[in-house]
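So for the sequence shown, numbering that gives the first Met the number 0 puts the first residue at 0; every next one is plus one.
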Amino acid sequence: MAIIACPSCAKQISDKHQQCPHCDININNLDIEDKKRIASEVKLKKKQQIMNHSFIALIIFLSGFLVLYTRTPEQDSVELLIARSAIAIGFIWYLINRIRLLFIKKTK
Numbered sequence: 000m001a002i003i004a005c006p007s008c009a010k011q012i013s014d015k016h017q018q019c020p021h022c023d024i025n026i027n028n029l030d031i032e033d034k035k036r037i038a039s040e041v042k043l044k045k046k047q048q049i050m051n052h053s054f055i056a057l058i059i060f061l062s063g064f065l066v067l068y069t070r071t072p073e074q075d076s077v078e079l080l081i082a083r084s085a086i087a088i089g090f091i092w093y094l095i096n097r098i099r100l101l102f103i104k105k106t107k
């Protein structure tokens, strides 16, 4: 009895299971082509999730700039702190997501 990773959900399961208890995919009837197809679907979903996070980070970044340059908050105000924080958080989060996306694209 060995522990293997489910091709669909990547959770650890026994090789004696007929189907994955987590995602209910039938493991025994999968051939190599089906496993490759499932792996590519999982990779695509992960890429889409990271791209969605990148867009959210970009929206946070741009909304911080919008508040900073259209409303011109006073020095040492809470509004200025929030705008600068949104810019910093959005920028850093966007960079992290782009790096994660590069690593996913490089792996096969």
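Here a beta-carbon is modelled for each residue, glycine too, at the ideal position from N, C-alpha and C.
Bear in mind that the values here come from a model prediction, so they are computed numbers and not experimental data.
Identified DSSP bridge partners for ASN25
GLN18
How long is the line joining the alpha carbons of LYS15 and ALA1, rounded to whole angstroms?
8 angstroms
Is it buried or exposed for ASN25, if we count other Cβ within 10 angstroms and need 16 for buried?
exposed
Can you list, in chain order, the residues of its chain whose CB lies under 8 angstroms from that of LEU29, leaving out five sequence neighbours each side?
PRO6 and ILE37
DSSP on ALA85, reduced to helix/strand/coil?
In the three-state reduction of the DSSP assignment, ALA85 falls in the helix class, which pools H, G and I.
In angstroms, rounded to a whole number, what distance separates the CA positions of LYS10 and HIS21?
8 angstroms
Can you name the start and end residues of the alpha helix (DSSP H) that ALA38 belongs to?
According to the DSSP assignment, ALA38 belongs to the alpha helix (DSSP H) that extends over 31 to 69.
Alpha carbon of ARG83 to alpha carbon of ARG99, nearest angstrom:
Near 24 angstroms, if we compare the C-alpha coordinates of ARG99 and ARG83.
Exposed unless 16 or more other CB atoms sit within 10 angstroms - verdict on TYR68
exposed
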